[in-house]
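Student: Chains Z and F, in that order, give the protein sequences.
When you number the first sequence by our numbering, it's gap-free, plus one each residue, and the end is 283.
When you number the second sequence by our numbering, it's gap-free, plus one each residue, and the end is 302.
I am attaching a structure below and will ask some questions about it afterwards.
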Amino acid sequence: MRPPPLLPSFWDRWSGLRLLDAGLGIWTGLVFLFLYLPILVLVVYSFNDSRLNVVWEGFTLDWYGRLWDNTRIARALKNSLVVAGFTTVLSVVLGTVGAWLLHRYRYRFGSTLQTLIAVPMIMPEIVMGISLLILFTTAGLKLGFFTVIVAHTTFCFPFVLIAVQARLQGMDPALEEAALDLGATPVRAFFLVVVPYLRPAILSGALMAFTLSLDELIVTFFTASAQVATLPLLVFGMAKVGLNPMLNALSALFIVATVAFVLFSEHLRRLGRRAP
Amino acid sequence: MHALADTAPAHGGRRAGVVAWLLLAPLALWLLLFVVVPMAGLVVYSFCQRDDLGRVVYDFSWENYARVFDPIYLKILGRSIGYAALTTVICIVIGYPVAWYIARQRSPLRERLLLLVMIPFWTSFLIRTYAWIAILKSEGLLNGLLQFSGVVTAPLSLLYTPTAVVIGLVYAYLPFMILPIYGSAEKLDNALVEAAHDLGAGPIRAFSHVIIPLTWPGIAAGIMLVFVPAIGMFAITDLMGGAQVPLIGNVIQNQFFRARNAPFGAALGVVFTLLFILTYALAHRRRRATTA
Numbered sequence: 008m009r010p011p012p013l014l015p016s017f018w019d020r021w022s023g024l025r026l027l028d029a030g031l032g033i034w035t036g037l038v039f040l041f042l043y044l045p046i047l048v049l050v051v052y053s054f055n056d057s058r059l060n061v062v063w064e065g066f067t068l069d070w071y072g073r074l075w076d077n078t079r080i081a082r083a084l085k086n087s088l089v090v091a092g093f094t095t096v097l098s099v100v101l102g103t104v105g106a107w108l109l110h111r112y113r114y115r116f117g118s119t120l121q122t123l124i125a126v127p128m129i130m131p132e133i134v135m136g137i138s139l140l141i142l143f144t145t146a147g148l149k150l151g152f153f154t155v156i157v158a159h160t161t162f163c164f165p166f167v168l169i170a171v172q173a174r175l176q177g178m179d180p181a182l183e184e185a186a187l188d189l190g191a192t193p194v195r196a197f198f199l200v201v202v203p204y205l206r207p208a209i210l211s212g213a214l215m216a217f218t219l220s221l222d223e224l225i226v227t228f229f230t231a232s233a234q235v236a237t238l239p240l241l242v243f244g245m246a247k248v249g250l251n252p253m254l255n256a257l258s259a260l261f262i263v264a265t266v267a268f269v270l271f272s273e274h275l276r277r278l279g280r281r282a283p
Numbered sequence: 011m012h013a014l015a016d017t018a019p020a021h022g023g024r025r026a027g028v029v030a031w032l033l034l035a036p037l038a039l040w041l042l043l044f045v046v047v048p049m050a051g052l053v054v055y056s057f058c059q060r061d062d063l064g065r066v067v068y069d070f071s072w073e074n075y076a077r078v079f080d081p082i083y084l085k086i087l088g089r090s091i092g093y094a095a096l097t098t099v100i101c102i103v104i105g106y107p108v109a110w111y112i113a114r115q116r117s118p119l120r121e122r123l124l125l126l127v128m129i130p131f132w133t134s135f136l137i138r139t140y141a142w143i144a145i146l147k148s149e150g151l152l153n154g155l156l157q158f159s160g161v162v163t164a165p166l167s168l169l170y171t172p173t174a175v176v177i178g179l180v181y182a183y184l185p186f187m188i189l190p191i192y193g194s195a196e197k198l199d200n201a202l203v204e205a206a207h208d209l210g211a212g213p214i215r216a217f218s219h220v221i222i223p224l225t226w227p228g229i230a231a232g233i234m235l236v237f238v239p240a241i242g243m244f245a246i247t248d249l250m251g252g253a254q255v256p257l258i259g260n261v262i263q264n265q266f267f268r269a270r271n272a273p274f275g276a277a278l279g280v281v282f283t284l285l286f287i288l289t290y291a292l293a294h295r296r297r298r299a300t301t302a
């Protein structure tokens, strides 16, 4: 690491730490290449006019067109959107109201409840899937939209709750007090003062819930019937069989949606930080 | 993610009255019904038996747990833990320098690099696994390139091997290791590292005695996010390993569908949960020891 005496002027600038830093930079670049190259290949080959992935045989939008016409995929997409939609609404209501109540009032067993809320977030998905499957079968419930939405909401709403809680910690209590002093009922104060203040957190929590639900495979695997198969379940089944250019196209669309989601959440996060 | 419990707000404000309790009731009931009761049900099921039709008979016995310790299942359990541990170690080795590098950058570049980690983090692991199938399959990209360039004449069987499973697991979980380590590395005070240097510690000693202990919370969180899910992940092993390398997640999944032995599946689920709690406790203990 000591600079060799022959090239002092050059090597001085490259002390050991700088060399280490350059090495770390190269390593980081390589890791990003590892993370992005497979995804990029997938997107590029979704435009390939060939059934097999190997040779480039020209540009086509055919696979996207077929995706559009495929009734199984269309139905799975519809199922996914229905599940994610209901899950998001339920999660936002449970998460926002829950976070507010836990912030505003002192409950007995409050900390127990707080721990319990974190459990679905960190619990292994497969354990959650089988335990809910056992509950539903024991209760005699038929697997369907209801069971999937309940399962998804259970692991999605804690994310909304935590996001809202984080924002509540920075809230000036005078905000709500002023509304109450001016004669607003607590309910009115909640909807007219607290909710607007929490909007960035609620929105990013909702986005998170929607995405988590849309992507979820393992829990859905145990709680859905064939009739309500969501997109991940269908993709899982198709990918098991082998390569399918339509799947490339579908994946490419999903990747584009994810990039949009990440950029939008980042925007929201910045907005939330700037707001009072 | 265990840091969440620590940052929970002090439950301040007014003491909850009847109305406040009524408002909180839906949430409390939801957690009771869909978290507590199912877990209790899982434990009850694990002590049950099944009849010839696959129906559950409520008859207490330890038999399912005895079966978990059958050499066949012990081997699968051991292999699952081995694969998950290998995945975790590889993720730390690959991810730590990346997290460290990003955390050391100045503001606009740091946020941009972080965004590059967030995108794969949020992209469905299923799609990212499929991307690797497209590369590794015998009629896939890598074999195509190898044959085209004349390196090999017949396609290699790259998919459905243990290596493919580990590649799939590492690829899926790497962002989940980078992000929490970044979280710790970003908070690390540079003055502490400089102090170690000034006191004569070389780069290796500074790293092992100062940097690692200070970023341990991030590593521990990463282990929780990678090691535990990787043990039970059956989708990646199904897709990348075919039926060649069954892991514990595949066995559990089988018990509920093909084998129709839910009680045994439940017992495996309970064992898995205990493993999860053990990992959590170990990661936490080391953490408490270092922050004390």
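Don't be surprised by glycine CBs; every beta carbon is placed ideally from N, CA and C.
Nothing here was measured: the structure is a model prediction, and the numbers come from that model.
Under DSSP, the alpha helix (DSSP H) around N264/F begins and ends at which residues?
Tutor: Here residue 264/F is taken as the residue at index 254 of the second sequence, counted from 1. Start and end: 258–266.
Student: Could you give the distance in angstroms between the alpha-carbon of D19/Z and the alpha-carbon of V48/Z?
Tutor: Position 12 of the first sequence holds residue 19/Z. Position 41 of the first sequence holds residue 48/Z. Confidence in D19/Z is poor, its pLDDT being 46 and thus under 50, which makes the residue's placement unreliable; the coordinate value appears in the next sentence. Looking at the two C-alpha atoms, the distance is approximately 42 Å.
Student: Of all the CB atoms in chain Z, is at least one closer than 8 Å to the CB of T283/F?
Tutor: For the purposes of this step, residue 283/F is taken as the residue at position 273 of the second sequence. By this cut-off, T283/F is an interface position.
Student: Thinking just about the alpha-carbon of each residue, which of D61/F, I177/F, L249/F is nearest to the one in Y140/F?
Tutor: Residue mapping note: residue 140/F aligns to position 130 of the second sequence, counting from 1. Per the Cα distances, L249/F.
Student: DSSP on F116/Z, reduced to helix/strand/coil?
Tutor: Residue numbering aside, residue 116/Z sits at position 109 when the first sequence is read from its first letter. Coil, per DSSP.
Student: Checking 8 Å against the spacing of the C-beta atoms, do I124/Z and F229/Z come in under that value?
Tutor: Within the first sequence, residue 124/Z is the residue found at index 117, counting from 1. Within the first sequence, residue 229/Z is the residue found at index 222, counting from 1. No, Cβ-Cβ distance for I124/Z and F229/Z is not below 8 Å.
Student: Less than 7 Å separating the Cβ of L124/F from some heavy atom of the ligand ZN?
Tutor: Annotation note on the ligand ZN: not contained in the displayed structure, which lists no ligands.
Student: Note down, in chain order, all residues in the stretch 206–217 of chain Z with a beta-carbon under 8 Å from any beta-carbon belonging to chain F.
Tutor: Cβ contacts with chain F come from no residue of the stretch 206–217 of chain Z.
Student: What are the residues of the stretch 63–82 of chain Z that lie near chain F, defined by any Cβ-Cβ distance shorter than 9 Å?
Tutor: Those residues of the stretch 63–82 of chain Z that come within reach of chain F (Cβ to Cβ, closer than 9 Å) do not exist; the list is empty.
Student: What residue range is occupied by the uninterrupted alpha helix (DSSP H) comprising V62/Z?
Tutor: In the first sequence, the residue the question calls residue 62/Z occupies position 55. It is not in any alpha helix (DSSP H) - V62/Z carries neither H nor E in the DSSP assignment.
Student: DSSP has V66/F in a bridge; who is on the other side?
Tutor: Along the second sequence, read from residue 1 onward, the residue named residue 66/F stands at position 56. Answer by DSSP bridge pairing, in chain order: R60/F.
Student: Give me, in chain order, the residues of the same chain whose beta-carbon lies closer than 8 Å to that of V180/F; leave out the 5 immediate sequence neighbours on both sides.
Tutor: Here residue 180/F is taken as the residue at index 170 of the second sequence, counted from 1. So the qualifying residues of the chain are T97, I100, C101, I104.
Student: For the candidate residues Q234/Z, S258/Z, F268/Z, whose alpha-carbon lies nearest to that of K149/Z?
Tutor: By 1-based counting over the first sequence, the position of residue 149/Z is 142. Looking at the Cα atoms, Q234/Z is the closest of the given residues.
Student: For F164/Z and S98/Z, which I take to be in contact (beta-carbon distance under 8 Å), what is that distance rounded to the nearest angstrom?
Tutor: In the first sequence, residue 164/Z corresponds to position 157, counting from 1. In the first sequence, residue 98/Z corresponds to position 91, counting from 1. Yes, they are in contact, since the Cβ atoms of F164/Z and S98/Z sit about 4 Å apart, within 8 Å.
Student: Taking the alpha-carbon positions, what's the I83/Z to A231/Z distance?
Tutor: By one-based count along the first sequence, residue 83/Z stands at place 76. By one-based count along the first sequence, residue 231/Z stands at place 224. It is worth fixing the name first, because residue 83/Z is Ala in this sequence and not Ile. Their Cα atoms are separated by approximately 12 Å.
Student: Determine which residues share a DSSP beta bridge with R24/F and list them.
Tutor: Along the second sequence, read from residue 1 onward, the residue named residue 24/F stands at position 14. Answer by DSSP bridge pairing, in chain order: Y112/Z.
Student: Roughly how many angstroms separate the alpha carbons of T2/Z and N251/Z, rounded to a whole number?
Tutor: This structure cannot speak to residue 2/Z, because chain Z is shown only from 8 to 283.
Student: From L37/Z, N255/Z, V167/Z, A264/Z, pick the residue whose C-alpha is nearest to that of T67/Z; which is it?
Tutor: The residue given as residue 67/Z occupies position 60 in the first sequence. For T67/Z, the nearest C-alpha among the options comes from N255/Z.
Student: Could you pull out every residue in the same chain whose Cβ sits closer than 6 Å to the Cβ of S57/Z, ignoring the five residues on either side in sequence?
Tutor: By one-based count along the first sequence, residue 57/Z stands at place 50. So the qualifying residues of the chain are E64.
Student: For D222/Z, which residues in chain F fall below 7 Å Cβ to Cβ?
Tutor: Taking the first residue of the first sequence as position 1, residue 222/Z is located at position 215. By Cβ distance, chain F contributes S134.
Student: Consult DSSP for D19/Z and reduce its assignment to one of helix, strand or coil.
Tutor: Position 12 of the first sequence, counted from the start, is the residue given in the question as residue 19/Z. In this prediction, D19/Z scores a pLDDT of 46, lower than 50, which makes its location untrustworthy; no coordinate-derived value is stated.
Student: Do L241/Z and R79/Z count as a contact pair if the criterion is CB distance below 8 Å?
Tutor: On the first sequence, position 72 is the one that residue 79/Z refers to. On the first sequence, position 234 is the one that residue 241/Z refers to. Yes; because the gap between Cβ atoms is below 8 Å, this pair is in contact.
Student: Just to make sure I have the definition right: I need the residues of chain Z whose C-beta is within less than 9 Å of the C-beta of G160/F. Which are they?
Tutor: On the second sequence, position 150 is the one that residue 160/F refers to. Result: empty, since nearest Cβ-Cβ is about 14 Å, beyond 9 Å.
Student: For a contact meaning CB atoms closer than 9 Å, what does M187/F contact in chain Z?
Tutor: The residue labelled residue 187/F in the question sits at position 177 within the second sequence. The premise fails here: M187/F is roughly 11 Å from chain Z at the closest Cβ pair, so nothing lies under 9 Å.
Student: Closest to Y83/F by C-alpha separation, out of I262/F, R138/F, L209/F, would be which residue?
Tutor: Locating residue 83/F in the second sequence gives position 73, where the first residue counts as 1. Closest by alpha carbon: I262/F.
Student: Under 6 Å Cβ to Cβ from V126/Z, same chain only, skipping five residues before and after it: list those, please.
Tutor: Against the first sequence, residue 126/Z aligns to sequence position 119. Cβ within range, chain order: n/a, list empty.
Student: Tell me, please, whether the CB atom of Y204/Z is closer than 8 Å to any CB atom in chain F?
Tutor: By one-based count along the first sequence, residue 204/Z stands at place 197. By this cut-off, Y204/Z is not an interface position.
Student: Alpha carbon to alpha carbon, how far is S56/F from R25/Z? Give it in angstroms, no decimals.
Tutor: Within the first sequence, residue 25/Z is the residue found at index 18, counting from 1. Within the second sequence, residue 56/F is the residue found at index 46, counting from 1. Roughly 57 Å between the two C-alpha positions.
Student: Could you have a look at N55/Z and say whether DSSP puts it in helix, strand or coil?
Tutor: Numbered from its first residue, the first sequence carries residue 55/Z at position 48. Strand at N55/Z.
Student: Out of R276/Z, Y71/Z, F243/Z, point me to the one whose CA is closest to N55/Z's CA.
Tutor: The count along the first sequence starts at 1 and reaches residue 55/Z at position 48. When each option's Cα is compared against that of N55/Z, the closest is Y71/Z.
Student: Can you find a CB in chain Z that lies within less than 8 Å of the CB of M250/F?
Tutor: Here residue 250/F refers to the residue found at position 240 of the second sequence. No, because no Cβ of chain Z sits closer than 8 Å to the Cβ of M250/F.
Student: Could you spell out the range, first to last residue, of the alpha helix (DSSP H) harbouring K149/Z?
Tutor: Taking the first residue of the first sequence as 1, we reach residue 149/Z at position 142. Segment: none, K149/Z is in no alpha helix (DSSP H) and carries neither H nor E.
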